[in-house]
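Q:
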Amino acid sequence: MVVAEDSPLMREGLVSLLARFGHETIAAVADADAVVTAVRADPPDVLITDVRMPPRHADDGLRAAVALRQAIPGLPVLVLSQYVEQSYAAKLLDSADGSGVGYLLKDRVGAVAEFVAAVEQVAAGETVVDPDVVRQLLRRRHDPLQRLSPREQEVLALMAEGRSNATIGARLHISDAAVNKHIGNIFTKLDLPTATDGHRRVLAVLAYLRG
Amino acid sequence: MPYGRWVRTRTAWQAMAQRPLGFLVSAWPWRALAYLLSGVVLGALTIGVLAAVVAVGVVSLIFLIGALVLLAVAFSGLAVARVERWRLRLVDTDATPDPHRPPPAPGLRAWLRTRLAEPATWRELAFTFVLLTALCWLDVLVLSFAFVLPWFCITAPADDPSAWPWAVLGVLLLLTWPYTITSWAGARAALTRTILAPRDAELGDRLTEVNRSRARLVGAFAAEQARIERDLHDGAQQRLVSLSMALGLMRLDVPPGSPLHDRLGEAQEQLSLALTELRDLVYGLNPRVLADNGLVAAIAENASRFPIPVTVDVRLATRLPQPVELAAYYVVTEAMANIAKHSRATSAHIAGRHHADVLTLQITDNGVGGADPSGGSGMTGLADRVGVLDGRLRVSSPPGGPTLIHVEIPCPFG
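So the sequence lines, in the order shown, correspond to chains Z and U. Numbering-wise (the working numbering), the first sequence opens with residue 1 and increments by one. Numbering-wise (the working numbering), the second sequence opens with residue 212 and increments by one.
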């Protein structure tokens with residue numbers, strides 16, 4: 001993987017964390033230009049990048065990631081951010097076809113195992129969106145989503161995080177059959193054609209939410 | 212309560228409008244008299260001095276020095292106007308500012324250049340001519356009418372018993388001198404102020420300077436906020452996240468379910484709360500999305516965090532200058548915070564357009580209304596923020612609602 005992060009402390013921490021789980025970091029860089037060079041030289045399985053980076057100390061990291069995804073189709077990118085911003089998430093999800101992207105709050109790296117799981121999901125082409133973003137999206141689009149029951153909203157949020165049906169069931173202490181029923185209801189209520197496989201349903205929901 | 216007590220009398224004319232007795236026993240008639248007498252003296256002196264200078268100048272014109280002497284005549288207005296402005300205090304207690312600018316450099320050359328270029332110099336010269344040809348003669352005429360004419364009326368017919376009506380007229384005229392004198396003094400003062408006070412344009416520079424310094428202050432404040440935000444972001448936040456990561460890794464090395472495992476978990480939770488608080492604080496200081504993605508995105512982002520439904524209809528063709536974006540953003544967020552706190556609204560609407568050099572924003576809610584712009588320091592703070600950019604903020608909030616906040620900010624290069 002390639003890690004892009006301008007704070008040395010964070011950068012080293014991320015590298016050793018990934019190493020701990022057996023992932024090799026081929027390049028650890030500190031600014032947006034170096035990201036582009038490193039990724040183009042040797043496309044990694046995942047690019048993990050901060051939003052805010054030199055040289056402009058604005059959303060350079062995000063811009064570089066979006067540009068790279070256009071240049072290298074299917075390049076998985078996990079973006080870490082200090083803030084939950086829908087406009088950043090939307091930019092990222094709109095890049096390429098929206099598969100193999102993740103957008104997480106930086107704090108999530110503290111939950112080490114879950115963070116590494118998210119990295120692996122993104123590498124496998126799935127979509128991972130921070131629960132806070134999902135919560136905001138849910139709140140923003142009141143009209144269609146108010147039709148969902150609280151339980152269905154919970155299920156939808158977990159789906160958006162890229163959880164499997166089994167995980168959702170375990171999290172909410174309900175059976176797989178119940179999870180399936182809720183998902184079916186969600187699709188019906190949101191007028192979405194029923195789909196069965198992993199990340200596409202998340203994308204469908206997010207695409208609908210972005211409206 | 213006498214009228215004059217609670218309206219502070221500032222000019223001779225205002226004094227005349229008081230109750231007669233109040234006016235007659237006040238110092239104002241005597242001040243007016245002093246004003247006119249000193250006007251006569253000033254006129255006489257000026258005539259004398261100028262006549263002498265012109266005579267000397269014409270005679271010595273054969274030598275080059277004569278031209279310089281005549282040039283001094285052109286500047287006589289400066290001295291006369293100075294005395295006139297000082298004298299004006301007798302009948303008009305408001306200070307009359309000096310319309311002249313200090314020369315940009317020391318030395319006679321710079322002084323001459325500045326003074327010759329100023330319209331005020333020529334207005335003062337014109338005033339000097341008016342003084343010489345009309346004003347001081349009118350002073351003499353009015354003084355004569357008030358004192359000399361009555362004196363003739365009273366004394367002339369003393370030996371003719373049938374002419375007593377003249378004496379009565381004389382006495383009446385003499386009794387009215389305070390009004391005669393003061394009315395002319397007031398008129399003369401008004402004329403003097405009109406000609407000798409600085410024009411708006413001459414004051415303009417100083418007013419602009421004040422505005423600029425206010426804008427500088429706000430700019431410095433914004434820069435300081437951005438610096439704090441940057442320091443927290445690059446420093447404390449990164450360290451805390453790294454710490455959380457380190458704790459997470461340590462937790463992996465500890466058998467699950469052991470006391471240490473749980474303690475580490477608790478520590479991480481505390482840390483996560485601290486991070487959340489820090490993030491909210493930093494976000495409030497300087498929202499990155501505003502700098503990165505502009506006003507429309509920042510307002511939409513803010514609206515999506517809002518507890519009640521907000522419809523956002525802000526359409527801008529381009530990014531606006533940074534100070535305008537910042538002010539507009541803070542107005543919107545502060546107004547929305549007010550809505551959340553006080554209005555009991557169930558929905559709100561934000562509209563924004565940029566038309567013909569003006570950014571307009573409208574924030575409406577369907578709440579209970581009754582927002583008091585004078586009572587809330589928040590509202591005046593918003594007006595100040597907008598005011599620095601020469602914008603204005605208007606509020607309509609009748610009791611029972613709805614509340615409408617309308618903001619206009621001039622924004623020429625949008």
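Virtual Cβ for every residue (Gly too), placed ideally from N, Cα, C. From a predicted model like this one, the values you see are computed outputs, not experimental measurements.
For Lys-552/U, count the other beta carbons within 10 Å of its own beta carbon; 16 or more makes it buried, fewer makes it exposed. Which is it?
A: Position 341 of the second sequence, counted from the first residue, corresponds to residue 552/U. Exposed, since its Cβ has fewer than 16 Cβ neighbours within 10 Å.
Q: Does Phe-274/U pass the burial test, meaning 16 or more other C-beta atoms within 10 Å, or should it be called exposed?
A: In the second sequence, the residue the question calls residue 274/U occupies position 63. Its Cβ having fewer than 16 others within 10 Å, Phe-274/U is exposed.
Q: With 9 Å as the limit, tell me which residues of the segment 450-483 of chain U have their beta carbon closer than that to any beta carbon of chain Z; keep them in chain order.
A: Arg-450, Leu-451, Val-452, Ser-453, Leu-454, Ser-455, Met-456, Ala-457, Leu-458, Gly-459, Leu-460, Arg-462, Leu-463, Gln-479, Leu-482, Ser-483
Q: Is the CB of Glu-536/U under 7 Å away from at least one CB in chain Z?
A: Numbered from 1 along the second sequence, position 325 holds the residue referred to as residue 536/U. So no, Glu-536/U is outside the interface.
Q: Answer yes or no: do Leu-486/U and Asp-107/Z have a C-beta to C-beta separation smaller than 7 Å?
A: Numbered from its first residue, the second sequence carries residue 486/U at position 275. Numbered from its first residue, the first sequence carries residue 107/Z at position 107. Yes, these two residues count as a Cβ contact at 7 Å.
Q: Using alpha carbons as the reference points, say which of Ile-365/U, Leu-232/U, Thr-339/U, Asn-504/U lies closest to Ala-290/U.
A: For the purposes of this step, residue 290/U is taken as the residue at position 79 of the second sequence. The residue with the shortest Cα to Cα distance from Ala-290/U is Thr-339/U.
Q: Have a look at Leu-17/Z, Ala-177/Z, Leu-78/Z, Gln-86/Z and flag the residue whose alpha-carbon is nearest the alpha-carbon of Asp-132/Z.
A: On the first sequence, residue 132/Z is found 132 positions in, with the first residue counted as 1. When only C-alpha atoms are compared, the closest one is Gln-86/Z.
Q: Got a sec? Which residues, its chain only, sit under 8 Å from Val-569/U by beta carbon, not counting five neighbours each side?
A: Looking up residue 569/U in the second sequence gives position 358. Correct list, in chain order: Glu-619, Ile-620, Pro-621, Cys-622.
Q: Excluding the 5 residues preceding and the 5 following Ala-538/U in the sequence, name in chain order all residues of the same chain whose CB lies nearer than 8 Å to its CB.
A: Taking the second sequence and counting its residues from 1, one reaches residue 538/U at position 327. Contacts found: Arg-596, Val-597, Val-599, Leu-600, Gly-602, Ile-620.
Q: In terms of residues, what are the limits of the alpha helix (DSSP H) holding Glu-512/U?
A: On the second sequence, residue 512/U is found 301 positions in, with the first residue counted as 1. Start and end: 499-515.
Q: Please list the residues of the segment 491-511 of chain U that have a C-beta atom closer than 7 Å to any C-beta atom in chain Z, keeping them in chain order.
A: Tyr-494, Arg-499, Val-500, Ala-502, Asp-503, Asn-504, Ala-508
Q: Could you list the residues in the segment 95-108 of chain Z with a C-beta less than 7 Å from some C-beta on chain U, going in chain order?
A: Lys-106, Asp-107
Q: Which of the residues in the segment 112-123 of chain Z, read from start to end, lie with their CB under 7 Å from any CB of chain A?
A: This model lacks chain A altogether, as its protein chains are Z and U.
Q: Determine, for Asp-59/Z, whether the minimum Cβ-Cβ distance to residues of chain U falls below 7 Å.
A: By 1-based counting over the first sequence, the position of residue 59/Z is 59. Output row for Asp-59/Z: interface = yes.
Q: Which ranges would you report for the alpha helix (DSSP H) in the segment 36-73 of chain Z if only whole runs of at least 4 residues count?
A: 60-71
Q: Can you tell which of Asp-59/Z, Glu-5/Z, Ile-174/Z, Pro-150/Z has its C-alpha closest to the C-alpha of Val-29/Z?
A: Numbered from 1 along the first sequence, position 29 holds the residue referred to as residue 29/Z. Among Asp-59/Z, Glu-5/Z, Ile-174/Z, Pro-150/Z, the Cα nearest to that of Val-29/Z belongs to Glu-5/Z.
Q: Excluding the 5 residues preceding and the 5 following Pro-43/Z in the sequence, name in chain order all residues of the same chain whose CB lies nearer than 7 Å to its CB.
A: Position 43 of the first sequence holds residue 43/Z. Cβ within range, chain order: Ile-72, Leu-75.
Q: Give me the chain Z residues within the contact set of Gln-448/U, using Cβ-Cβ distance strictly less than 7 Å, ordered along the chain.
A: As a first step, residue 448/U is located in the second sequence; it is residue number 237 there, counting from the start. What Gln-448/U touches in chain Z: Gln-82.
Q: Can you give me the C-alpha to C-alpha distance between Gly-211/Z and Val-109/Z, rounded to a whole angstrom?
A: Reading the first sequence from its first residue, position 211 is the one you call residue 211/Z. Reading the first sequence from its first residue, position 109 is the one you call residue 109/Z. Unreliable placement is indicated for Gly-211/Z, whose pLDDT of 43 sits below 50; the coordinate value is still reported in the next sentence. Their backbone Cα atoms lie some 30 Å apart in a straight line.
Q: Along the chain, where does the beta strand (DSSP E) containing Val-29/Z start, and where does it finish?
A: To locate residue 29/Z, count along the first sequence from 1; it is residue 29. Val-29/Z -> beta strand (DSSP E) spans 27-29.
Q: On the DSSP bridge assignment, give the partners of Ile-616/U in chain order.
A: Looking up residue 616/U in the second sequence gives position 405. DSSP, once it has assigned bridges, lists Ile-574/U, Val-606/U as partnering Ile-616/U.
Q: Could you say which of Ile-550/U, Arg-312/U, Ser-394/U lies nearest to Thr-222/U if we only look at CA atoms?
A: The residue given as residue 222/U occupies position 11 in the second sequence. Comparing Cα positions, the closest option is Ser-394/U.
Q: For a cutoff of 7 Å on Cβ pairs, would you count Gly-211/Z as touching chain U?
A: Here residue 211/Z corresponds to residue number 211 of the first sequence, with the count starting at 1. Confidence in Gly-211/Z is poor, its pLDDT being 43 and thus under 50, which makes the residue's placement unreliable; the coordinate value appears in the next sentence. So, not an interface residue.
Q: Can you name the start and end residues of the beta strand (DSSP E) that Leu-105/Z belongs to?
A: Translated into positions along the first sequence, residue 105/Z becomes position 105. 101-105 is the extent of the beta strand (DSSP E) around Leu-105/Z.
Q: Mapping the DSSP letters down to three states, classify Ala-562/U as helix, strand or coil.
A: Position 351 of the second sequence holds residue 562/U. Note: Ala-562/U maps to strand in three-state DSSP.
Q: Which of the three DSSP states, helix, strand or coil, is assigned to Thr-522/U?
A: In the second sequence, counting from the first residue as 1, residue 522/U sits at position 311. In this structure, Thr-522/U counts as strand in the three-state DSSP scheme.
Q: Can you grab the Cα-Cα spacing for the pair Gln-121/Z / Val-46/Z, in whole Å?
A: Counting from 1 along the first sequence, the entry for residue 121/Z is found at position 121. Counting from 1 along the first sequence, the entry for residue 46/Z is found at position 46. Near 10 Å, if we compare the C-alpha coordinates of Val-46/Z and Gln-121/Z.
Q: Do you know how far the Cα of Met-547/U is from the Cα of Thr-196/Z?
A: Sequence index remark: in the first sequence, residue 196/Z carries index 196 (1-based). Sequence index remark: in the second sequence, residue 547/U carries index 336 (1-based). Legend: pLDDT at Thr-196/Z = 47, less than 50; position of this residue unreliable, value from coordinates given subsequently. Going from the Cα of Thr-196/Z to the Cα of Met-547/U covers about 42 Å.
Q: Contact between the segment 328-337 of chain U and the segment 274-288 of chain U: three or more CB pairs below 8 Å?
A: Verdict: yes, contact present.
Q: Between which two residues does the alpha helix (DSSP H) carrying Val-119/Z extend?
A: To locate residue 119/Z, count along the first sequence from 1; it is residue 119. Annotation for Val-119/Z: the continuous alpha helix (DSSP H) segment containing it runs 112-123.
Q: Buried or exposed: Ala-328/U, going by 16 or more other Cβ atoms within 10 Å of its Cβ?
A: Taking the first residue of the second sequence as 1, we reach residue 328/U at position 117. It is exposed - the Cβ of Ala-328/U has fewer than 16 other Cβ atoms within 10 Å.
Q: Out of His-566/U, Glu-545/U, Glu-536/U, Ile-574/U, state which residue places its alpha-carbon closest to the alpha-carbon of Asp-524/U.
A: Counting from 1 along the second sequence, the entry for residue 524/U is found at position 313. Ranking the options by Cα distance to Asp-524/U, first place goes to Ile-574/U.
Q: So the alpha helix (DSSP H) Ala-262/U belongs to, where does it begin and stop?
A: To locate residue 262/U, count along the second sequence from 1; it is residue 51. Taken as a continuous stretch (DSSP letters only), the alpha helix (DSSP H) holding Ala-262/U covers 239-270.
Q: My output table needs one value for Ala-195/Z: the three-state DSSP class, helix, strand or coil.
A: Counting from 1 along the first sequence, the entry for residue 195/Z is found at position 195. At Ala-195/Z the pLDDT is 48, less than 50, meaning the model places this residue with poor confidence; the figure from the coordinates comes in the next sentence. Of the three classes helix, strand and coil, the one that applies to Ala-195/Z here is coil, per DSSP.
Q: Tell me which same chain residues have a C-beta within less than 6 Å of the C-beta of Ile-406/U, skipping the five on either side of it?
A: Residue numbering aside, residue 406/U sits at position 195 when the second sequence is read from its first letter. Excluding positions up to five away in sequence, the list reads Arg-334, Phe-338.
Q: For chain U, is any of its Cβ atoms less than 7 Å away from the one on Gly-184/Z?
A: Taking the first sequence and counting its residues from 1, the one referred to as residue 184/Z is at position 184. It does not: the Cβ of Gly-184/Z has no partner Cβ on chain U nearer than 7 Å.
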